[in-house]
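S.K.: Residue numbers (our numbering): -11 to 422.
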């Protein structure tokens, strides 16, 4: 099938928003804001090439809704009106090339090393220690939960003012909303714990309050796990998560994106090889860990690499099994993320009925022109799933850190920039003739 005839390049709708194709950029932690969380040129420079290439939908990295919900240094924030102008510049840069852009809104909960972000504590549904970073959070009070709901609402309204085409509520990957959903991390005995009805209350409250403020036509989507992937712990499994998605559809959510795992799960949400990833962590974010965990990481990281390479090998579409279950149960669009790199794999995922669209993370980090090259059947740099980019989260700006792939990417971008300069006088001449 010619590239232009592929289902990937046909439109679909999220609520009343028409998206021009079925490939989205999934949220990836960017480490590209200022120390105060302000979006600037560094963040724009990351997303502009993706928009230039015609990527139909871009979902930003997780934007914190409150200072105590920040998870890493140099993360983008939206906790006050002062953040709107920077984000407006980002939106304008993306819209200039015709792409749509959603803001992912998040609160990290317990998945943080407090001293890394200048805080003294972490909060969560319950006081359950996070095994990877070693943080024991403080349980939130009812009043604090209600305040967090309002912070999500205020953040969504600011995103709407900044011109974002929609927002995504992050309820996956073990962050705060997911911590309330999951029995392992939610051991409350009040209105927010115990039964499924109670554990979904925070997500339901956030969605309803956001919807009431942004209006019925503004796209609001949710990122959910297909599985919490927490062996030997009380994690959520696919049937329970599908039921949560069905509840969200009844509430009016416009689409769901399906992923997998918590921090405690290891690496099921990225897969591939992990030598470069853990080496970069060792020389970056690990410095924030408590002393004992830092010593253990220094001692055992080569063993963790070997085990991770075996348990989570690279594979395209590794969440399709989960996504298919959601697709069978829902009428709203299902977006599947999970190692997609090639047109054949993306196209097959949609044609087999497992999802309505695919989301790409590392593939677009390695090659921001990926969508254009898929559409026009052109060669370009290809991600090798080394996860070096993941290893630098919170310590260096998000980018491809594989030497060969990065060199190919930089050469591609430089060539495109040179061609743009060469074409500019021709465009001006053409406009003058008209």
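Think of the CB as a built atom: it goes at the ideal place given N, C-alpha and C, for glycine as much as any other residue.
Bear in mind the structure is a predicted one, so any value in this text is a computation, not a measurement.
Below 8 Å CB to CB, which residues in the same chain sit around residue 7 once its five sequence neighbours on both sides are set aside?
M.R.: -1, 0, 1, 44, 45, 88, 345
S.K.: Tell me whether residue -3 sits in a helix, a strand or coil according to DSSP, three-state version.
M.R.: Collapsing the DSSP output to three states places residue -3 in a helix.
S.K.: Consult DSSP for residue 13 and reduce its assignment to one of helix, strand or coil.
M.R.: strand
S.K.: Quick check for students: name the residue ranges of the beta strand (DSSP E) that lie wholly in the segment 15 to 52, counting only runs of 3 or more.
M.R.: Counting only runs that start and end inside the segment 15 to 52, the beta strand (DSSP E) elements of at least 3 residues fall at 45 to 47.
S.K.: Using a threshold of 8 Å, state whether the C-beta atoms of residue 252 and residue 119 are closer than that.
M.R.: yes
S.K.: Thinking C-beta only, is residue 156 closer than 8 Å to residue 90?
M.R.: yes
S.K.: Short check: CB of residue 329 to CB of residue 370, under 8 Å?
M.R.: yes
S.K.: What is the DSSP secondary structure of residue 177, reduced to helix, strand or coil?
M.R.: In the structure shown, residue 177 sits in coil (DSSP, three-state: anything other than H, G, I, E or B).
S.K.: Between which residues of its own chain and residue 261 is the CB-CB distance below 6 Å, once the five residues before and five after are set aside?
M.R.: 297, 374
S.K.: Can you grab the Cα-Cα spacing for the pair residue -6 / residue 248, in whole Å?
M.R.: Between the alpha carbons of residue -6 and residue 248 lies a distance of about 27 Å.
S.K.: Pull up the distance between the alpha-carbon of residue 63 and that of residue 381, whole angstroms please.
M.R.: 10 Å
S.K.: Answer with buried or exposed for residue 275, where buried requires no fewer than 16 other C-beta atoms within 10 angstroms of its C-beta.
M.R.: exposed
S.K.: Look at the alpha carbon of residue 306 and the alpha carbon of residue 339, and state the distance between them as a whole number of angstroms.
M.R.: Looking at the backbone, the Cα of residue 306 and that of residue 339 are separated by about 16 Å.
S.K.: Is it buried or exposed, residue 129, if we count other Cβ atoms within 10 angstroms and call 16 or more buried?
M.R.: exposed
S.K.: Please classify residue 245: does DSSP put it in a helix, a strand, or coil?
M.R.: strand
S.K.: Cα-Cα, which of 92, 331, 208 is closest to residue 365?
M.R.: With distances taken between Cα atoms, residue 365 lies closest to 331.
S.K.: For the structure I just gave you, are there three or more beta carbon pairs, one from the segment 9 to 29 and one from the segment 54 to 68, closer than 8 Å?
M.R.: yes
S.K.: When we look at the beta-carbon of residue 288 and count the other beta-carbons within 10 Å, is it buried (16 or more) or exposed?
M.R.: Around the beta carbon of residue 288, a 10 Å sphere encloses fewer than 16 other beta carbons of the protein chains shown; the residue is thus reported as exposed.
S.K.: Hey, how far is the Cα of residue 158 from the Cα of residue 59?
M.R.: 13 Å
S.K.: Flag this pair as touching only if the segment 215 to 231 and the segment 160 to 173 have three or more C-beta atom pairs under 8 Å; answer yes or no.
M.R.: yes
S.K.: Report the partner residues of residue 157 according to the DSSP bridge assignment.
M.R.: 93, 210, per the DSSP bridge assignment.
S.K.: Assuming residue 141 is part of the alpha helix (DSSP H), what are its boundary residues?
M.R.: 130 to 150
S.K.: My understanding is that residue 160 touches residue 213, with C-beta atoms under 8 Å, so please give their C-beta distance in whole angstroms.
M.R.: 5 Å
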